[in-house]
Amino acid sequence: MRVVDVASRKDISLEDSHGKMHYGIRQSSLETVLPRLEKSRVMIVRGKHKGLTATMEEKDKRRCLVVARLLRSNEIVTVDFDDVCQHQSRDEDDDDY
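Residues in the sequence shown are numbered from 4 upward in steps of one, following my numbering.
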């Protein structure tokens, strides 16, 4: 699933792997997915850096924290697991087919 639009916490639009759209999804129904490998691309989904992409430099499972390097500025930030998710750009999606 790929997030297409977030109108509000109660109205999120998703696209599945077959291109089918799903509308009116609640944020509480979604869960973020973290990449398994360091240096993978992530997106900050909440907080000061919301909407920015980064590379995951480190994952601290014990404290549920991710250390990420923002792509735009090279700044290192530490965020909770729930504030970051695996990011796959539309171009990367196209490479899978």
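Even for Gly, the Cβ is constructed at its ideal location relative to N, Cα and C.
Distance, residue j Cα to residue i Cα
i, j, result
"Val6", "Tyr26", "10 Å"
"Cys67", "Thr81", "10 Å"
"Ile15", "Glu41", "28 Å"
"Leu55", "Leu73", "7 Å"
"Thr58", "Arg44", "5 Å"
Burial state of residue i, where buried means 16 or more other Cβ atoms lie within 10 Å
i, result
"Ala10", "exposed"
"Ala36", "The displayed chain sequence assigns Val, not Ala, to residue 36. Exposed, by the Cβ-count rule."
"Asp86", "buried"
Cut-off 6 Å between Cβ atoms - residues of its own chain near residue i, not counting five sequence neighbours on either side
i, result
"Ser20", "none"
"Glu61", "Val70"
"Asp8", "Ser16"
Supposed close pair residue i, residue j - CB separation, criterion 8 Å
i, j, result
"Met24", "Cys88", "Not quite, the Cβ-Cβ distance comes to about 19 Å (not below 8 Å), so this is no contact."
* Asked: Between the segment 40-54 and the segment 74-89, do three or more beta carbon pairs fall short of 8 Å?
  -> yes
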